[in-house]
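Position 97 of the sequence shown, counting from 1, maps to 97 under full-length UniProt numbering, and the rest follow consecutively.
For reference, the structure is listed below as structure tokens.
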Amino acid sequence: MMEKKIKKSEWDITNCPVRTVLDRFGDKWSILVLLVLGEKQKLRFNEINKEVGSDISQKMLTVTLRKLEADGFIFRTIYPEIPPKVEYEITDLGKSLVPHVDNLTKWAVSNMPAIKRSRERFKK
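Right under this line is the structure:
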């Protein structure tokens with residue numbers, strides 16, 4: 001099935017879905033958290049923190065998880081236990097995005113040397 005190509009005259013710059021999605025993943029941590037949950041499927045907060053690495057603060061991880069949850073990429077389950085148990089799981093929407101992020105990652109790794117060379121030339 002061919003998808004309809006949107007003409008430039010039909011662009012809605014103020015409500016652009018591409019810009020909205022890229023805005024979410026333009027931060028430092030969202031893509032990494034999504035990829036971790038894409039691989040592991042379901043993790044607790046401290047497990048995600050361990051997988052992501054020590055550079056992220058607990059506050060920033062909380063903010064990132066909340067934004068991903070608000071957009072429907074992950075789901076949070078709170079278990080009524082003491083101490084409280086909270087798990088984060090990637091949703092079907094999040095799973096559908098992972099292959100595209102993987103492709104972007106491969107492209108970035110493959111093209112980073114050329115980008116760095118260009119940046120160096122630009123500085124001169």
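Note that beta-carbon positions come from the ideal geometry of N, C-alpha and C, so glycine has one too.
{"Item": "When D12, N111, V63 are compared against K28, the one with the closest alpha-carbon", "Value": "V63"}
{"Item": "Proximity to P83 [Cα-Cα], best of R44, K95, S30, D12", "Value": "R44"}
{"Item": "Sub-8 Å separation of G94 and L34 beta-carbons", "Value": "yes"}
{"Item": "Under the three-state DSSP convention, the category E81 falls into", "Value": "coil"}
{"Item": "Residue environment, Y88, which counts as buried when at least 16 other CB atoms sit within 10 Å", "Value": "buried"}
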